[in-house]
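Enquirer: This structure is in structure tokens; I'll ask about it shortly.
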Amino acid sequence: MGETQKRGGTRPTPEEVSAVRAKAGRSVRPENRAFARDRDLAARASAASQISRRLRMMANP
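If you're matching positions, the sequence shown starts at 104 in the working numbering and goes up one per residue.
Shown next as structure tokens:
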């Protein structure tokens with residue numbers, strides 16, 4: 104938890120990347136792999152925007 108805060112939550116560690124790639128290779132057909140990656144990136148971006156919005160609301164009551 105603390106390490107993702109330090110990193111800013113943008114770039115995953117190489118271990119995370121390889122784990123995600125292995126999981127995608129098992130469960131997703133090759134033509135869907137890029138779509139799955141884009142969906143993962145979109146989910147991560149929306150989560151980051153929600154967090155920043157919540158922080159802004161806490162900063163300005």
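Positions of the beta carbon are idealized from the N, C-alpha and C atoms, including for glycine.
Going straight from the alpha carbon of arginine 136 to that of valine 120, what length do you get?
Expert: Reading the sequence shown from its first residue, position 33 is the one you call residue 136. Reading the sequence shown from its first residue, position 17 is the one you call residue 120. Whole-angstrom Cα-Cα distance: 14 Å.
Enquirer: Excluding the 5 residues flanking aspartate 143 on each side, which residues of the same chain have their C-beta closer than 6 Å to its C-beta?
Expert: As a first step, residue 143 must be located in the sequence shown, where it is residue number 40. Closer than 6 Å at the Cβ level, and outside the excluded window around aspartate 143, lies no residue.
Enquirer: If you draw a straight line from the C-alpha of valine 123 to the C-alpha of leucine 158, how long is it?
Expert: Within the sequence shown, residue 123 is the residue found at index 20, counting from 1. Within the sequence shown, residue 158 is the residue found at index 55, counting from 1. Each residue's alpha carbon lies about 28 Å from the other.
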